[in-house]
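What follows is a short report on a single structure.
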Amino acid sequence: MYPELLKIGPLSIKSFGVMLLLGFGVAIYWMAREGEKEGIKRELIFDFGLAAIITSLIGARLIFVLLNLEEYFSDPLSIFLPRGGGLGGFSLHGGILGGALFVLFFAQKHQIHKGKLLDLCSPSLALGTAIGRIGCFLNGCCYGIPSNLPWAVKFPEVAEKVHPTQLYASFFNLILFFGLLKIKKYRKFDGWLSLVYLIGYSSFRFILEIFRRGATAKIVLFSLTQAQLLSIFIIITAALVIILHKPR
1 MYPELLKIGP
11 LSIKSFGVML
21 LLGFGVAIYW
31 MAREGEKEGI
41 KRELIFDFGL
51 AAIITSLIGA
61 RLIFVLLNLE
71 EYFSDPLSIF
81 LPRGGGLGGF
91 SLHGGILGGA
101 LFVLFFAQKH
111 QIHKGKLLDL
121 CSPSLALGTA
131 IGRIGCFLNG
141 CCYGIPSNLP
151 WAVKFPEVAE
161 KVHPTQLYAS
171 FFNLILFFGL
181 LKIKKYRKFD
191 GWLSLVYLIG
201 YSSFRFILEI
211 FRRGATAKIV
221 LFSLTQAQLL
231 SIFIIITAAL
241 VIILHKPR
């Protein structure tokens, strides 16, 4: 594909990095605009967004390492050196967890309702992921299993055409973004929208892994990948929180 957008001498600008930054930027801008409608100052959202990026990346890397710990025994320093230039060394579920924990801390510190802030983050996360996954496609990572469908794509490091699962993820997250905006007015309680996001994204991710299994997602238990097992746990947990929530 196009892992490098621009190269000037020894300096190269990676397409994945550009799309990731663009995704973060658009997500934070959208949050700042919507946050003002909820009575949260724009400057506060920008401060939150920048810190949330860092905690999300740390969470994404940490969970990936913990789930693949045996790979780092022989070379512990590689824990701090993700390879491949894409999301290959990160866990999106870990990024969500890292970001969610920071939301709880930030909301407590600035006396913002935790559920309200989580609901604000969820559509922006879907939007940012939709943009970021295009970076995965350009980078040539996170692709799917071989396919003979008309839209199958040939990546340099793969002998056959494969499912462009990065674009599937991008398209779904865009739909999820607009879907969350549509149902926002029907939310049952603060935090409800974020739980719907978790169920929606995790359900899709479970299905997406079927098209990545054995290619860029390894099977770990009961013919399921790590992401599928995490998705099942998240779906059940989020659904139980919604079912068991008691109105105040």
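For what it's worth, the numbering used here labels the leading residue of the sequence shown as 1, then goes sequentially. For each residue, glycine too, the CB sits at the ideal point set by N, CA and C.
Subject >> Bridge partner(s) assigned by DSSP for residue 32 >> reply: Answer is none; residue 32 lacks a bridge partner.
Subject >> Same chain, Cβ closer than 7 Å to residue 32, five either side skipped, listed in chain order >> reply: 42, 45, 46
Subject >> With 16 other Cβ atoms within 10 Å as the buried cut-off, status of residue 194 >> reply: buried
Original post:
Buried or exposed: residue 271, going by 16 or more other Cβ atoms within 10 Å of its Cβ?
Top reply: Any answer about residue 271 is impossible in this case: the structure gives the chain only from 1 up to 248.
Original post:
How about residue 177 and residue 130: do their beta carbons lie closer than 8 Å?
Top reply: yes
Original post:
Going by the CB atoms, is the gap between residue 56 and residue 95 shorter than 8 Å?
Top reply: yes
Subject >> Proximity winner among 93, 62, 92, 91, relative to residue 79 (alpha-carbon distances) >> reply: 62
Original post:
Out of curiosity, what's the CA-to-CA distance linking residue 113 and residue 202?
Top reply: 25 Å
Original post:
So what's residue 10 in DSSP terms, helix, strand or just coil?
Top reply: coil
**OP:** Express the C-alpha separation of residue 184 and residue 174 in angstroms, rounding to a whole number.
**Re:** 16 Å
Original post:
Apart from the five residues just before and just after residue 13, which ones in its own chain have a Cβ nearer than 6 Å to its Cβ?
Top reply: 5, 6
Original post:
For residue 299 versus residue 135, is the C-beta spacing smaller than 8 Å?
Top reply: In the structure as shown, the chain starts at 1 and stops at 248, and residue 299 therefore has no counterpart that could be examined.
**OP:** Buried or exposed for residue 72, please, with buried defined as at least 16 other CB atoms from any protein chain shown within 10 angstroms of its CB.
**Re:** exposed
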